[in-house]
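Final position of the sequence shown in the working numbering is 469; the numbers increase by one with none missing.
Everything below concerns the one structure shown next.
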Amino acid sequence: MIRHLRSAADLDAADATLILDTAGEMASLTGGREVKKLPALRGRTVVNLFYEDSTRTRISFEAAAKRLSADVINFSAKGSSVSKGESLKDTALTLQAMGADAVVIRHPASGAPHRLAEWVDGSVVNAGDGTHEHPTQALLDAYTMRSRMGRLDGLRVAIVGDVLHSRVARSNVLLLTTLGAQVTLVGPPTLIPLDVAAALSEKTQVSYDLDAVVPDSDVVMMLRVQSERMQDSYFPSAREYSRRYGLDVARLRKMPEHAIVMHPGPMNRGMEIAPEVADSPRSTIVEQVANGVSVRMAVLYLLLGGK
Ligand code: ASP
């Protein structure tokens, strides 16, 4: 098993499958039990280093590490010496001195986890770096798809919306194509520049017509429109975006009966996804969050040497 998880590209099919299988075991070992703890990482230290806001990912990593009995240190940039201008390198050296076995990092700069891995001896896990990658999100998405649909190989997955700014899309393309799924990126041309799509993977298709893709998809994964990362205007108006690329009830009805709707959260309800769709039985959004804990348990366990 690899030492760091910086990118979904760090994983070949065997490692990715091992993580998904181990997550399944974690879920069956802890799910439904009153005491959800396993002793696997007793005495090990996991630091959560969050330089960017997060709800799900942060709580999920914390729950995962605690369920494995690790000692967890939560660090947030706000209220730390980062606001006094301390560099990532100096923060890394501090963590190193404290003997962190794993550092989970979220950072607004793409590539920050790669730098961090040069400065610490422990394992580095990327929990989202800028617009670059979010590999554990892709793993939990793949886990959710596999448990709902029974397979990933040959699965038709549409990833819809703001691909340009989405680390979730990037990691999903890399992981899903490694595992044999057929990925189609859908959105306005401004948010799926062809060079971006080509650089991601030559195995993906691109479409600008959501209505044409929906009937042939087993999974429709909606992406959040990341207004906070947009310097220019990429579409005429929110209404226009929603009309062309939002998943509403009419489009949901055109999906095959077995197909599922995913979203990594946080959602812009009424923009990329209608509230009725988000809350429908076809939506796996809450399940994705639950699966995230088992998947992150598997990642921490395997990176830290579990077998
Ligand atoms: N929560 C995901 C991320 O951190 C997706 C999003 O923010 O839209 O990338």
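Backbone N, C-alpha and C fix where the C-beta goes; we use that ideal spot for every residue, glycine too.
*Pairwise C-alpha distance: Val-457 and Met-429*: Cα-Cα distance, rounded: 21 Å.
**Q.** Spatial neighbours of Met-433 in its chain, beta-carbon cut-off 8 Å, leaving aside the 5 residues before and after
**A.** Result list for Met-433: Val-387, Ala-400, Tyr-403, Ser-404, Gly-408, in chain order.
What three-state label does DSSP hand His-166 in the structure shown? Assigned with DSSP and collapsed to three states, His-166 falls in coil, not helix or strand.
Would you mind working out which of Ser-333, Arg-313, Arg-310, Asp-315 sits nearest Ile-321, comparing C-alpha positions? Selected option, being the one with the closest Cα: Ser-333.
Around the ligand ASP, what residues have a beta-carbon under 7 Å from a heavy atom of it, in chain order?
Checking every Cβ against the heavy atoms of the ligand ASP under 7 Å gives Ser-216, Arg-218, Thr-219, Gly-290, His-296, Gln-299, Ser-328, Arg-329, Val-330, Leu-385, Arg-386, Gln-388, Pro-426, Gly-427, Pro-428.
How should Asp-356 be labelled, buried or exposed, when 16 other C-beta atoms within 10 angstroms of its C-beta is the threshold for buried?
Note that residue 356 is Leu in the sequence shown, not Asp. So Leu-356 ends up on the exposed side.
Q.
Are the CB atoms of Pro-443 and Met-417 within a distance shorter than 8 Å?
A. Against a cut-off of 8 Å, the Cβ pair of Pro-443 and Met-417 comes out as no contact.
Host beta strand (DSSP E) of Phe-397 (start-end): Unbroken run through Phe-397: none, as it is neither H nor E.
**Prompt:** From Val-381, Ser-272, Glu-280, Gly-273, pick the residue whose C-alpha is nearest to that of Leu-257; which is it?
**Reply:** Each of Val-381, Ser-272, Glu-280, Gly-273 was checked against the Cα of Leu-257, and the nearest Cα belongs to Glu-280.
task = Tell me whether Gln-344 sits in a helix, a strand or coil according to DSSP, three-state version.
result = DSSP places Gln-344 in strand when its eight states are reduced to three.
query = Apart from the five residues on each side of it in sequence, which residues of its chain come closer than 8 Å, Cβ to Cβ, to Met-424?
reply = Around Met-424: Asp-303, Thr-306, Met-307, Val-381, Val-382, Met-383, Met-384, Ser-445, Thr-446, Ile-447, Gln-450.
Per DSSP, which residues does Val-368 bridge with? Please list them. Answer by DSSP bridge pairing, in chain order: Leu-347.
* Report buried or exposed for Met-125, applying the criterion of at least 16 other Cβ atoms within 10 angstroms of its Cβ. => Residue 125 lies beyond the stretch modelled for the chain, which goes from 163 to 469, so this question has no answer here.
Check your understanding: Per DSSP, which one or two residues make a beta bridge with Asp-233?
Key -> Note: Asp-233 is bridge-paired with Thr-207 in the DSSP secondary-structure output.
Pull up the CB-CB distance for Ala-227 and Leu-200, whole angstroms please, since I reckon it's below 8 Å. 11 Å between Cβ atoms; not a contact.
State whether the region 267–278 contacts the region 210–227, with contact taken as three or more CB pairs (one from each stretch) at a distance under 8 Å. Yes: at least three Cβ pairs fall under 8 Å.
Test item: CB-CB of Val-474 and Ala-262 under 8 Å | Within the shown structure, residues of the chain are numbered from 163 to 469, placing residue 474 beyond reach of any answer.
Please work out which residues of its chain come closer than 8 Å, Cβ to Cβ, to Glu-470, disregarding the five sequence neighbours upstream and downstream, and give them in chain order. The requested residue 470 does not occur in the structure, where the chain is confined to residues 163 to 469.
inquiry  = Here's the rule I'm using: 16 or more other beta-carbon atoms within 10 Å means buried, otherwise exposed. How should Gln-299 be labelled?
reply    = By the 16-neighbour rule on beta-carbons within 10 angstroms, Gln-299 is buried.
**Residue ranges of each alpha helix (DSSP H) within the region 297–341, 4 or longer** = The qualifying runs are 297–311, 329–340.
Could you check where the alpha helix (DSSP H) with Arg-431 kicks off and where it finishes?
Unbroken run through Arg-431: none, as it is neither H nor E.
Under 8 Å, do Val-287 and Leu-167 count as touching if we go by C-beta distance? Yes, the Cβ-Cβ distance between Val-287 and Leu-167 is below 8 Å.
What is the DSSP secondary structure of Ile-354, reduced to helix, strand or coil?
When secondary structure is reduced to three states using DSSP, Ile-354 falls in the coil class, being assigned neither helix nor strand.
Please classify Thr-217 as buried or exposed, where buried requires at least 16 neighbouring CB atoms within 10 angstroms.
Exposed, because fewer than 16 other Cβ atoms sit within 10 Å of the Cβ of Thr-217.
- Message: So the candidates are Glu-187, Arg-329, His-327, Val-266; which of them puts its Cα closest to the Cα of Phe-237?
- Response: Minimum Cα distance to Phe-237 is reached at Val-266.
Would you say Tyr-463 and Leu-230 are within 8 Å of each other, going by their C-beta atoms? Going by C-beta atoms, Tyr-463 is nearer than 8 Å to Leu-230.
- Query: In whole angstroms, what separates the C-alpha of Leu-372 from that of Arg-406?
  - Reply: Taking the straight line joining both Cα atoms gives about 7 Å.
Query raised in the report: Apart from the five residues on each side of it in sequence, which residues of its chain come closer than 7 Å, Cβ to Cβ, to Leu-191?
Result: Result list for Leu-191: Leu-200, in chain order.
Can Lys-264 and Ser-285 be called in contact, C-beta distance under 8 Å?
Reading off the sequence shown, one finds Ala at residue 264, where the question assumed Lys. Yes, they are a contact pair.
_Start-to-end residues for the beta strand (DSSP E) that takes in Ala-148_ = Any property of residue 148 remains undetermined from this structure, which presents the chain solely from 163 to 469.
How far does the beta strand (DSSP E) with Arg-458 in it reach, from first residue to last? It is not in any beta strand (DSSP E) - Arg-458 instead sits in the alpha helix (DSSP H) that spans 447–465.
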